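Everything on this sheet refers to the single structure shown next.
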Amino acid sequence: MISQFFVLSQRGDNIVFRDYRGEVPKGSAEIFFRKVKFWKEDEAEEAPPVFNVDGVNYIHVKVAGLLFVATTRVNVSPSLVLELLQRIARVIKDYLGVLNEESLRKNFVLVYELLDEVIDFGYPQTTSTEVLKSYIFNEPIMVDAARLPPLGPAAMFMQGAKRMPGTAVTKSVVANEPGGRKREEIFVDIIEKISVTFSSSGYILTSEIDGTIQMKSYLTGNPEIRLALNEDLSIGRNGSSIYDYHSSSGGGTVVLDDCNFHESVHLDSFDIDRTLTLIPPDGEFAVMNYRMTQEFKPPFRINALIEEAGPLKAEVLLKIRADFSPSVTANTITVQMPVPSYTARASFELEAGAVGQTTDFKEGSKRLEWCLKKIVGGAEHTLRAKLTFSQESHGNTTKEAGPVNMNFTIPMYNASRLQVRYLQIAKKSKTYNPYRWVRYVTQANSYVARL
Amino acid sequence: MAPPIPAPKTPSPSQPSGKSEVTDLKLQLRQLAGSRAPGADDSKRDLFKRVISYMTVGIDVSSAFSEMVMCSATSDIVLKKMCYLYVGNYARCNPDLALLTINFLQKDCRDEDPMIRGLALRSLCSLRVPNLVEYLVAPLGAGLKDGSPYVRMVAALGVLKLYHISAAMCLDSDFPATLKSLMLSDPDAQVVANCLHSLQEIWNLEASKSEEASREIEALYSKPVVFFLLNKIKDFSEWAQCLVLDVVSKYIPGDNNEIFDIMNFLEDRLQHANGAVVLATIKVFLHLTMSMTDVHQQVYERIKAPLLTLVGAGSPEQSYAVLCHLHLLVMRAPMLFSSDYKHFYCQFSEPSFVKKLKLEMLTAIANESNTYEIVTELCEYARNIDIPIARESIRAVGKIALQQYDVNAIVDRLLQFLEMEKDYVTAETLVLVKDLLRKYPQWSHDCIAVVGNISSKNVQEPKAKAALIWMLGEYSQDMLDAPYILESLIENWDDEHAPEVRLHLLTAAMKCFFKRPPETQKALGAALAAGLADTHQAWDVHDRALFYYRLVQYDVTVAEHVVNPPKQAVSVFADTQSSEIKDRIFDEFNTLSVVYQKPSYMFTDKEHRGPFEFSEDLASLSVGAQSAENVISAQRYQENDNDLLLSTSEKEENGSSAHYGSVPSAYSAPQALTEAALIDHGSSAFTSQSAFAIDDLLGLGVPDAPAPAPAPPTLNLNTKSALDPGTFQRKWGQLGITLSQELSLSPQGVVGLTTPQSLIRHMQGHSIQCIASGGQSPNYKFFFFAQKEGSSVFFLVECIINTSSAKVHLKIKAEDGSAAEPFSALFQSALLKFGLP
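Which chain is which? The protein sequence lines are A and B, in order. Residue numbering for the first sequence follows UniProt numbering, starting at 1 and increasing by one per position. Residue numbering for the second sequence follows UniProt numbering, starting at 1 and increasing by one per position.
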């Protein structure tokens with residue numbers, strides 16, 4: 001049970017403020033913001049999502065640069081409140097098409113309408129975008145999506161990828177197309193966040209994939225959908241699961257450690273043919289989340305070397321190789337490498353003919369940063385840097401540098417090889433043929449190479 | 001990261017502060033109030049929007065109240081909603097004006113559109129104006145019977161809102177009874193859920209005042225209601241499912257078959273994508289299986305995968321909440337997670353509060369099979385550029401070393417840290433090496449060789465400096481230049497501001513003096529002189545110097561015996577949290593308690609705690625009272641979870657791995673002396689124990705009373721009596737002490753009383769239930785209660801037992817004074833049978 005809900009901008013302004021129970025004194029938003037801003041407890045510099053000030057519990061999530069906050073005096077379930085906050089953000093996004101400060105400010109009356117129905121007296125009522133439709137009377141005022149910075153994992157489809165209709169993820173569930181007709185379409189995104197740690201000798205220490213099959217449906221009339229996954233998909237490792245009747249040594253099989261499903265998903269035939277059946281509700285939601293620690297081929301290999309070149313100098317060599325098909329291109333790649341704290345200057349030397357690459361030495365945090373606009377599959381890129389130290393190193397520069405970490409996004413690539421074999425929509429008539437988009441994307445979560 | 005905080009409320013174009021804007025708005029509203037001109041509604045919408053946006057930023061627009069109400073006569077639903085929002089916000093501060101709104105809200109409550117009826121009813125109940133409650137009753141009554149589920153849903157929570165404005169009005173109108181029947185009959189799941197929300201909150205708040213409320217709560221958690229809700233669970237929204245699961249977690253099943261039925265039925269909830277549903281389900285599973293060791297362990301195994309998936313799936317905030325729960329489980333049963341250690345490796349992008357939790361988990365689950373990998377990984381973090389995490393990682397390595405038997409390799413790693421020559425790494429490492437030496441003196445040779453090379457000039461942090469000085473004093477015979485280092489430190493006494501360091505300097509000089517008198521004499525003299533002159537900050541330093549000075553003067557041999565006696569190695573460093581506290585946090589699974597790692601009474605006010613949670617009054621009376629939830633289900637908690645986990649370790653023949661968070665006495669060496677004993681003692685001084693010590697002193701002062709011959713019991717007790725802690729506490733406060741007695745426990749009883757649970761179980765066999773217990777050997781404290789068969793008469797007992805003196809101190813409070821004597825006899829005879837075959 002929550003007492004208040006509010007959304008703060010990055011500067012700490014109230015954009016929306018709703019008091020459901022009147023138990024928490026005024027000024028809670030300011031107390032909260034000050035606390036988050038100047039967090040200094042437990043040696044940490046970042047406020048945890050849940051904290052208590054004078055008997056009031058503040059629970060918050062950050063979405064699109066905004067702070068979604070709930071307060072309560074009761075010993076509630078933190079998961080419930082955090083899930084609820086996240087869901088409120090998602091519902092608002094469903095209605096406004098784009099979630100950011102501007103869209104929220106323009107549509108705050110609509111947001112109040114939503115909040116009235118989502119929570120009553122602090123108790124969650126419904127967060128179903130579809131059910132809420134009948135209670136919402138304000139028309140969303142659209143903001144121009146094109147000039148907004150991309151938000152959320154699905155937003156990556158907006159840039160570059162010409163195959164995709166860019167407006168898809170920014171369309172409101174209630175707004176009509178200019179022609180007054182709604183376009184029948186459905187999006188299924190397989191989004192994977194990968195974490196890999198390489199040892200100094202290039203050996204993979206740990207690897208994990210956290211994946212989501214995300215759906216966003218603009219279909220009218222709630223048709224049933226069948227989503228077929230790899231036939232040889234197996235769930236549960238070490239043969240401990242009842243599902244595990246395949247031999248996992250067969251090479252081609254995809255073995256998930258575990259997964260969970262949205263409540264609309266029927267698993268009746270999942271055990272037999274790996275098909276999910278569901279009637280997708282309106283708006284965006286995760287059909288399935290999964291986790292995989294089975295070994296997979298990492299998309300990038302990183303080689304990093306730091307060598308002393310005199311008492312006050314060292315040379316760094318960074319090399320990345322894209323270990324995937326040339327038909328795929330990774331974009332927005334960042335490589336960072338911390339260098340010894342006594343590094344005073346760094347000069348860079350890019351490879352000959354380098355295009356779309358930038359380098360920087362972050363003086364404050366003492367790291368080298370190398371950004372690449374894109375990397376085509378199979379390509380290899382190298383960066384050399386010369387470091388100048390302000391004091392003599394003690395022969396252990398390697399120990400004081402690293403680890404190298406990398407960020408990237410690879411559209412139309414998935415590391416787990418989990419596939420949507422087909423997406424079937426129950427037909428209402430012969431002419432009914434909605435657009436369906438199945439898209440894959442892989443992102444780095446924690447991609448680290450040690451020195 | 002984010003831009004700096006804005007100056008407090010300076011007028012800016014977007015945030016008008018002035019009254020002129022509000023006056024202007026009022027004027028415009030008044031002009032539009034009666035207008036039926038086309039487009040009037042649109043203009044009103046714009047004006048209303050401005051009013052609401054001012055309200056949002058915190059500008060007081062309450063002065064426009066009457067104008068807003070005047071404009072509210074409209075059929076435009078968007079306008080209506082904005083008006084409702086405005087009225088709900090300001091009615092409380094303008095009770096007189098709020099009366100103006102009653103009329104149109106009441107009219108709207110009878111509208112033909114169910115949505116208008118619902119919205120109006122919701123607003124009407126949200127006014128929070130006490131003298132308007134009379135207008136609420138009729139619309140609420142009608143709302144609960146409305147044909148539209150939307151209206152009933154609103155009405156069900158409306159009852160709760162009414163209760164908060166006027167509890168008497170709500171109860172007198174018999175709304176709770178209506179809600180109860182609605183809950184069991186309404187076809188709409190959200191109506192059912194809202195009825196349950198309201199009933200739970202109302203009865204929980206009433207429970208401290210009325211017996212009836214306690215019975216109603218029991219009824220809510222009874223089999224028919226619980227099974228009714230369970231059968232409907234898939235109709236509920238995910239949020240309402242959490243509510244139902246919470247109710248189920250409070251239910252006490254009749255037998256094991258029921259437990260398995262419930263668990264099988266809820267099994268698929270563990271695959272839900274909503275983490276709140278999964279955690280609520282896990283709570284049910286954990287609580288149901290408390291008394292079944294094997295199954296309880298299977299539950300741990302079963303919930304691992306779903307929890308890990310949730311950690312990876314959601315936003316960082318969501319994974320944090322889940323990780324906190326995983327942390328709790330790992331700390332309770334580290335050995336069950338020892339093969340999953342890789343999941344707790346820190347990821348580069350994680351915020352430090354997540355990394356911290358993971359480091360603690362890694363520390364806890366380290367055992368023979370995985371220590372090498374874990375320590376290797378931790379050593380990588382020690383090089384991290386995130387300094388707090390680097391420090392934390394070094395501490396983790398040290399803790400692992402302290403809990404392992406084979407510390408060989410780890411000591412090497414720690415010593416390597418010293419070679420990194422980073423100040424903070426050196427500082428953390430020194431503190432650890434000191435602790436390590438206190439536990440494993442046999443390593444002194446290797447450690448001293450490395451520590452001797454550290455220049456004290458490179459050590460600045462007081463804690464680290466104190467550690468270094470301690471080692472210099474303790475091992476001065478092995479460190480050639482120890483007296484000289486100490487001497488130079490003493491010379492710079494004035495630059496050393498931390499009392500901690502000065503105290504250690506004094507002691508180290510003394511120790512060094514006993515071993516190498518000629519070299520140290522001068523330095524000791526200087527230290528004592530400087531200490532005696534130290535009256536500026538802490539008197540501790542002055543007092544210690546004076547004490548040492550007199551001691552040395554009196555007799556050097558005695559002084560040596562006092563300051564530097566032969567030491568036993570410390571076997572177990574004290575745990576920071578008592579096991580009672582940990583148990584209570586576990587009982588409060590899936591609440592904020594888990595995130596804060598504190599039981600709820602430490603961070604919530606009284607009125608926001610359910611009656612099923614202990615308030616600090618009772619908690620401070622008893623030594624770490626058990627949580628209420630396990631009190632109502634005393635039968636279920638026969639097995640303390642600690643026992644469960646210990647038996648697990650035996651099963652795995654894993655006894656050698658030190659078990660974090662277990663009872664210290666299980667591991668401490670028979671005679672842990674001097675420092676060890678001091679430290680163990682000091683740490684177990686959990687706040688409320690001081691009260692206990694006094695009890696104990698008083699207990700000792702009372703002369704031996706011969707145990708009275710147990711009178712034949714003439715009283716029959718209800719075998720299934722139940723009492724919730726709120727009521728217990730109320731009764732305890734109301735009743736005077738009927739009987740107060742002192743008796744001796746049988747020797748067998750003393751032997752049998754190793755944990756409070758053993759006695760609790762025994763007394764249950766005599767129909768005497770325990771509501772709270774606590775303490776550690778030799779002092780235990782219990783609160784018992786019993787009920788006279790076939791009546792509502794309760795007996796309450798406070799029972800303090802000291803096992804070293806075998807004394808029992810009883811305070812009995814009886815609701816029926818005449819029955820107190822027979823009850824006391826019965827209680828004593830039951831108690832004296834404890835431990836007898």
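All C-beta atoms in this analysis are idealised placements derived from N, C-alpha and C, irrespective of residue type, glycine included. Bear in mind that the values here come from a model prediction, so they are computed numbers and not experimental data.
Give, in chain order, every residue of the segment 225 to 244 of chain B whose Cβ lies closer than 9 Å to some Cβ of chain A.
Correct list: LYS234, SER237, GLU238, TRP239, ALA240, GLN241, CYS242 and LEU243.
If you draw a straight line from the alpha carbon of B:ASN131 to that of B:MET169, how long is it in whole angstroms?
Near 11 Å, if we compare the C-alpha coordinates of B:MET169 and B:ASN131.
Give the range of the beta strand (DSSP E) segment to which A:PRO338 is assigned.
Unbroken beta strand (DSSP E) run through A:PRO338: 329 to 338.
Report buried or exposed for B:GLN190, applying the criterion of at least 16 other Cβ atoms within 10 angstroms of its Cβ.
Buried: at least 16 other Cβ atoms inside 10 Å.
Using the Cβ count rule (16 or more neighbours within 10 Å means buried), how would you classify A:GLN391?
It counts as exposed.
Identify, in the order they occur along the chain, each residue of the same chain with its Cβ nearer than 7 Å to the Cβ of A:LYS399, setting aside the five sequence neighbours on each side.
Excluding sequence neighbours, A:LYS399 sits near nothing in its chain.
Provide the residue span of the beta strand (DSSP E) that contains B:THR371, from first to last.
Where B:THR371 is concerned, there is no enclosing beta strand (DSSP E), although the alpha helix (DSSP H) it sits in stretches over 371 to 382.
Below 8 Å, can you find three or more Cβ-Cβ pairs linking the segment 165 to 185 of chain B to the segment 123 to 139 of chain A?
Result no; under three Cβ-Cβ pairs closer than 8 Å.
Is the separation between the beta-carbon of B:ALA482 and that of B:LEU489 shorter than 8 Å?
Contact: no.
Relative to chain A, which residues along the segment 344 to 358 of chain B have a C-beta separation below 8 Å, given in chain order?
Listed in sequence order: TYR345, GLN347, PHE348, SER349, GLU350, PRO351, SER352, PHE353 and LYS356.
Less than 8 Å between the beta carbons of B:ALA64 and B:VAL129, yes or no?
No; because the gap between Cβ atoms is not below 8 Å, this pair is not in contact.
Pick helix, strand or coil for A:ASP323, following the three-state DSSP scheme.
Note: A:ASP323 maps to coil in three-state DSSP.
So which residues on chain A does residue 843 of chain B lean against when the C-beta distance must stay under 8 Å?
Absent from the model: residue 843 of chain B. The displayed extent of chain B is 1 to 837, so no value can be given.
Hey, which unbroken runs of the alpha helix (DSSP H) at 4 residues or more fall wholly within the segment 84 to 145 of chain A?
Runs of the alpha helix (DSSP H) inside the segment 84 to 145 of chain A: 101 to 106, 108 to 118 and 129 to 133.
Distance, Cα to Cα, B:THR520 vs B:TYR320?
The alpha-carbon atoms of B:THR520 and B:TYR320 are separated by roughly 54 Å.
Along chain A, which residues have their Cβ under 8 Å away from the Cβ of B:ASP605?
Those within 8 Å of B:ASP605 in chain A are GLY55 and ARG73.
Kindly give me the distance between the Cβ atoms of B:TYR163 and B:ILE102, rounded to whole angstroms, as I take these residues to be in contact under 8 Å.
Not quite, the Cβ-Cβ distance comes to about 19 Å (not below 8 Å), so this is no contact.
Along chain B, in chain order, which residues have C-beta atoms closer than 8 Å to that of A:PRO49?
Near A:PRO49 (Cβ distances below 8 Å), the residues of chain B are PRO316, GLU317, TYR320 and ALA321.
Whole angstroms is fine: what's the gap from B:GLY749's alpha carbon to B:ALA390's?
Cα-Cα distance, rounded: 50 Å.
Less than 8 Å between the C-beta atoms of B:GLY531 and B:HIS542, yes or no?
Closer than 8 Å, so yes.
Just mark B:TYR554 as buried or exposed, buried being the case when its beta carbon has 16 or more other beta carbons within 10 Å.
Burial call: exposed.
At the 8 Å Cβ level, is B:PRO95 part of the contact set with chain A, yes or no?
With 8 Å as the cut-off, B:PRO95 does not count as an interface residue toward chain A.
Could you name the residues of the same chain whose beta carbon sits closer than 6 Å to that of B:CYS195, not counting the 5 residues immediately before and after it, in chain order?
Only ALA156, LEU179, LEU182 and MET183 meet the Cβ criterion.
Mind checking if A:ASP232 is an interface residue toward chain B, Cβ cutoff 8 Å exclusive?
Judged by the 8 Å Cβ criterion, A:ASP232 is not in contact with chain B.
Quick check: is any heavy atom of the ligand SAM less than 7 Å from the C-beta of A:LYS182?
Absent from the structure shown: the ligand SAM. Ligands present: none.
Would B:CYS379 and B:ARG413 qualify as a contact pair, given that the criterion is a beta-carbon distance under 8 Å?
Yes.
Below 7 Å between beta carbons is the criterion; list the residues of the segment 28 to 58 of chain B that meet it against any residue of chain A, in chain order.
Going along the segment 28 to 58 of chain B in chain order, one finds LYS49, ILE52, SER53, THR56, VAL57 and GLY58 with a Cβ nearer than 7 Å to chain A.
Name the DSSP bridge partner or partners of B:THR520?
Paired residue(s): none; B:THR520 is not in a bridge.
Can you list, in chain order, the residues of its chain with a C-beta nearer than 8 Å to that of B:PHE285? Leave out the 5 residues immediately preceding and following it.
Correct list, in chain order: MET263, LEU266, VAL299, ARG302 and ILE303.
Only counting the same chain, and skipping five residues up and downstream in sequence, which positions put a Cβ closer than 6 Å to that of residue 524 of chain A?
Residue coverage of chain A in this structure runs from 1 to 451, which leaves residue 524 of chain A outside it and unanswerable.
Under 8 Å, do A:PHE300 and A:MET406 count as touching if we go by C-beta distance?
Cβ atoms of A:PHE300 and A:MET406: closer than 8 Å.
When you compare the CB positions of A:SER234 and B:GLY275, do they come within less than 8 Å of one another, or not?
No, the pair does not count as a contact, with Cβ atoms beyond the cut-off.
Closest to B:PRO756 by C-alpha separation, out of B:LEU715, B:GLU560, B:GLN729 and B:PHE834, would be which residue?
The shortest Cα separation from B:PRO756 among B:LEU715, B:GLU560, B:GLN729 and B:PHE834 belongs to B:PHE834.
In the DSSP output, which residue or residues are listed as bridge partners for A:SER347?
DSSP output for A:SER347 lists A:LYS386 as bridge partner(s).
Work out the CA separation of A:ASN331 and B:GLY147 for me, nearest whole Å.
Each residue's Cα considered, the two are about 57 Å apart.
Okay, do the segment 422 to 442 of chain A and the segment 359 to 379 of chain A touch, 3+ Cβ pairs below 8 Å being the bar?
Output reads no: the segment 359 to 379 of chain A does not touch the segment 422 to 442 of chain A.
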